[in-house]
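2 protein chains.
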Amino acid sequence: MKPEPQKAFQKALESKGLKFTKQRAEILDFLLKAKKHLTPEALYRELSKKDSSLGRATVFRTLHVLEDAGLADKITLADGRNAYEHKFAKPHHDHMICVDCSEVIEFTNDTIEEIQNKITRSFGFSPLWHRHEIFGKCRKCKTI
Amino acid sequence: MKPEPQKAFQKALESKGLKFTKQRAEILDFLLKAKKHLTPEALYRELSKKDSSLGRATVFRTLHVLEDAGLADKITLADGRNAYEHKFAKPHHDHMICVDCSEVIEFTNDTIEEIQNKITRSFGFSPLWHRHEIFGKCRKCKTI
DNA sequence: CTACAATTGAGACTGATTCTCATTATCAAT
DNA sequence: ATTGATAATGAGAATCAGTCTCAATTGTAG
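One line per chain: the protein sequences are A and B, in this order.
Under the numbering used here, the first residue of the first sequence is numbered 1, with each subsequent residue one higher.
Under the numbering used here, the first residue of the second sequence is numbered 1001, with each subsequent residue one higher.
Structural data, given as structure tokens:
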């Protein structure tokens, strides 16, 4: 039986007239297993080991589809590169990113979210998504 | 008499053993006069009109120096490009960015800042800077 | 099974940014 | 002012992430 996330992805694809292919399944699968945020390049490098014919373009295309479908989130690392994480069984959260070791710590705060909504509303602005990233040094790195 | 920002820039440069040059002065000056956030490319294009020998690399280098010195901030536009603004006589603020027209609206909220500090502290994380960008549609664009 | 439409991978391409390095400018000490 | 050590500059090459193109392949409705 197909696990939940795969089904959700398939449904999302179908609703856009897209197909559920081997490559797309592999990419989602890898993202699900990953313990941390993955750059497209890292994802490509790792998946290539199993499937040496996989194309870089397919990785980017699939990540975009996942992002559009609301199944994955993109964050920006301290060096400017992008990284992705899946959103299954994860509540909304924001990130603290260590500028030394690139560790990513997740946090949530309902009050911040509420205030955000109040602010956008007061400007007649319709929020679609946001990025709240705090850069600094994690506990380990700040003492080195 | 040299205006404040130029003096501050010179001081920042000196403290790093760097020199206050014509190009650096021009770039800061342009940033000060700009009414909106400038991409490095736009800055280069405009300044090239006056000083046709100015190099792109110098623009990027100078923006980095300004950023390091805490005299300029970088934001990321909806299309992924970066843009800069100077920080003279401007309180800290975050941004709402229209995904259609790229308009940038500034906002501040002390409560959010306080909560942020509380959160980072609870993780033993030392914040250096943060990026809080809300993407969506501005009042004008959402009705089109 | 067929036919059409969507997907794919390879590699060319793009745009932003960084790098290299020969030349030029700055500045402190003559 | 001249010098010399050092840093900054500009031109263009190089890099890097990401996108595009297109011929070949695959998925799927019928």
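Heads up, the beta-carbon is just placed ideally off N, CA and C, and yes, glycines get one too.
All figures in this text were calculated on a predicted structure; none of them were measured in a lab.
{"Item": "Interface flag, M1001/B vs chain A, CB-CB below 8 Å", "Value": "The predicted position of M1001/B is uncertain, since its pLDDT is 49 and thus under 50; a value taken from the coordinates is nonetheless stated next. Not an interface residue."}
{"Item": "Residues of the stretch 1115–1142 of chain B whose Cβ lies closer than 8 Å to any Cβ of chain A, in chain order", "Value": "I1115, Q1116, I1119, T1120, F1123, G1124, F1125, S1126, P1127, L1128, W1129, H1130, R1131, H1132, E1133, I1134, F1135, G1136, K1137, C1138, R1139 and K1142"}
{"Item": "Cross-chain neighbours of T58/A in chain B, by beta carbon under 7 Å", "Value": "By Cβ distance, chain B contributes nothing, its closest Cβ being about 20 Å from T58/A, past 7 Å."}
{"Item": "Contacting positions in the stretch 1060–1086 of chain B - beta carbon closer than 8 Å to chain A", "Value": "T1076"}
{"Item": "Residues near M1001/B in its chain [Cβ-Cβ closer than 6 Å; skip 5 each side]", "Value": "Its pLDDT being 49, under 50, M1001/B is placed unreliably by the model, and nothing is read from it."}
{"Item": "S126/A versus K1016/B - alpha carbon distance", "Value": "43 Å"}
{"Item": "Selection from K36/A, K35/A, L18/A and P40/A that minimises the alpha carbon distance to I27/A", "Value": "P40/A"}
{"Item": "Closer than 9 Å at the beta carbon, the chain B residues around T111/A", "Value": "T1111, I1112 and I1115"}
{"Item": "Any chain B beta carbon closer than 8 Å to V99/A", "Value": "yes"}
{"Item": "Range covered by the beta strand (DSSP E) that runs through I1075/B", "Value": "A1072 to T1076"}
{"Item": "Cross-chain neighbours of F1107/B in chain A, by beta carbon under 7 Å", "Value": "I119"}
{"Item": "Whole-angstrom distance between A25/A and A1072/B, CA atom to CA atom", "Value": "43 Å"}
{"Item": "The stretch 1105–1119 of chain B / the stretch 1064–1078 of chain B touching (three or more Cβ pairs under 8 Å)", "Value": "no"}
{"Item": "Counted within 10 angstroms of its Cβ, other Cβ atoms place T62/A as buried (16 or more) or exposed", "Value": "buried"}
{"Item": "DSSP bridge partner residues for L38/A (one or two, in chain order)", "Value": "Y84/A"}
{"Item": "Counted within 10 angstroms of its Cβ, other Cβ atoms place E1085/B as buried (16 or more) or exposed", "Value": "buried"}
{"Item": "Three-way DSSP call (helix, strand, coil) for A1106/B in this model", "Value": "Residue identity differs from the one stated: residue 1106/B is Glu in this sequence, not Ala. E1106/B: strand per DSSP, three-state reduction."}
{"Item": "Residue from G80/A, F107/A, D79/A and R121/A whose Cα sits closest to the Cα of P91/A", "Value": "F107/A"}
{"Item": "Member of L1066/B, R1121/B and F1135/B whose CA lies at the smallest distance from the CA of C1098/B", "Value": "F1135/B"}
{"Item": "N- and C-terminal bounds of the alpha helix (DSSP H) containing C1141/B", "Value": "R1139 to K1142"}
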